[in-house]
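Position one of the sequence shown corresponds to residue 5 (my numbering), numbered consecutively onward.
Here is the structure we will look at.
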Amino acid sequence: MPELPEVETLRNDLEHEIVGRKITDVEVKAARTVRRHRNRKEFGKRLAGQRIAGVERHGAYLVHELESGDALVVALGASGRLRRERSSAPMEQGTDVVITFSTGGGLRVLGLPPDGELFVAAGPELDDLQELHRAAIDPLTDAFTWQSLGAGLLSERAKLRPLLLGGDLIGGIGPIYADEILWTSGLRWDREASSLSPQEIRRLYRAIQEVLHEAVRLRGTSVGDDVWLDLHGNKGEYQNQLNAYQREGLPCRRCRTPLVVQQLDEMDRTYFCPRCQS
Ligand SMILES: [Zn+2]
Numbered sequence: 005m006p007e008l009p010e011v012e013t014l015r016n017d018l019e020h021e022i023v024g025r026k027i028t029d030v031e032v033k034a035a036r037t038v039r040r041h042r043n044r045k046e047f048g049k050r051l052a053g054q055r056i057a058g059v060e061r062h063g064a065y066l067v068h069e070l071e072s073g074d075a076l077v078v079a080l081g082a083s084g085r086l087r088r089e090r091s092s093a094p095m096e097q098g099t100d101v102v103i104t105f106s107t108g109g110g111l112r113v114l115g116l117p118p119d120g121e122l123f124v125a126a127g128p129e130l131d132d133l134q135e136l137h138r139a140a141i142d143p144l145t146d147a148f149t150w151q152s153l154g155a156g157l158l159s160e161r162a163k164l165r166p167l168l169l170g171g172d173l174i175g176g177i178g179p180i181y182a183d184e185i186l187w188t189s190g191l192r193w194d195r196e197a198s199s200l201s202p203q204e205i206r207r208l209y210r211a212i213q214e215v216l217h218e219a220v221r222l223r224g225t226s227v228g229d230d231v232w233l234d235l236h237g238n239k240g241e242y243q244n245q246l247n248a249y250q251r252e253g254l255p256c257r258r259c260r261t262p263l264v265v266q267q268l269d270e271m272d273r274t275y276f277c278p279r280c281q282s
């Protein structure tokens, strides 16, 4: 499942590989994929003949700026994938969208879940799209300071982990990185956010930066059934660095106490050290 480091890995690669390329053809398999448009044809018309001018990330949304001033927004949702392919590559099962460039193959979107979609927006419209600006803080930008994090935490009546995952305060953190950040900071998942001391806020701030930057450097985390793969179908490497996620029963790397897992609801569980996280 792509969380912020995985989407940032895609953005980096897309910037190197598709900026300057000209879109010649767009094929959309199902109309629901481009549901903001009148129909698939109208979506394709906005893209055909356009050159990619830049690739930005707004939270977990990939925004491809076009020379026309429009932007192609790609939301991969919980499990969608982007793949660079040669035009002649066989069509993989679950392919939802095929974008072909004039040279150098194309881009394919695969396995888009119901919360994933593609749409084209005029540049000025992007500022008004609330879903692109939902998170108060993007932790990979300079705007992320410990003061801004502290102000956000102290104003919330919520436990730490649900707050990290919620997406309103910090964008793009899912279950893997939430558990890693909490372990690194030595804080328990169920601490009340507003109870954190200034020292603990600094620790959490440093942990968020350390974990996310290292995960971007290692090109994401590939674990579980629905394993994350990059633009070329390769796995990331952060799974070899995990300190908490899916390590129940193994000794904590800080204090040797066996880690525990707690089921929070049907879909969600958290991994933590019962001794050195408090
Ligand atoms: Zn421990």
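Positions of the beta carbon are idealized from the N, C-alpha and C atoms, including for glycine.
No experiment lies behind these values; they were computed from the predicted model shown.
- Under the three-pair Cβ rule at 8 Å, the stretch 227–246 counts as touching the stretch 82–101.
- Residues D234, L235 of the same chain have their beta carbon placed closer than 7 Å to that of D17, with the five preceding and five following residues left out of the count.
- Between V113 and G84, the C-beta gap is smaller than 8 Å, which places the two residues in contact.
- Setting aside the 5 residues that flank it on each side, R40 is surrounded in the same chain by F123, each with a C-beta closer than 6 Å to its C-beta; the list follows chain order.
- Rounded to whole angstroms, the Cβ separation of Y275 and D183 is 5 Å, and the two are in contact under 8 Å.
- Its Cα nearest to that of S189, the residue C280 stands out among I22, C280, S92.
- Using a cutoff of 7 Å, the CB of T261 counts as near ligand 1, since one of the ligand's heavy atoms is closer than that.
- Taking the Cα of D272 as reference, the smallest distance to any Cα among T104, R260, I180 is reached at I180.
- Between G127 and A52, the beta carbon gap of about 18 Å keeps them out of contact (Cβ cut-off 8 Å).
- Exposed is the label assigned to R221, since fewer than 16 other Cβ atoms lie within 10 Å of its Cβ.
- Around the beta carbon of P118, a 10 Å sphere encloses fewer than 16 other beta carbons of the protein chains shown; the residue is thus reported as exposed.
- In the three-state DSSP reduction, E71 falls in the coil class, being neither helix nor strand.
- A distance below 7 Å between beta-carbons, with the five flanking residues on each side excluded, links G156 to the following residues of its chain, in chain order: A140, I141, L173.
- As the crow flies, the alpha-carbon of R260 is around 36 Å from that of G63.
- In the three-state reduction of the DSSP assignment, A147 falls in the coil class.
- Within its own chain, the residues whose Cβ lies closer than 8 Å to the Cβ of F105, once the five positions on either side in sequence are excluded, are I22, R25, K26, I27, T28, L111, listed in chain order.
- Boundaries of the alpha helix (DSSP H) around H20: 8–22.
- Nearest C-alpha to E160 among E135, S199, D132: S199.
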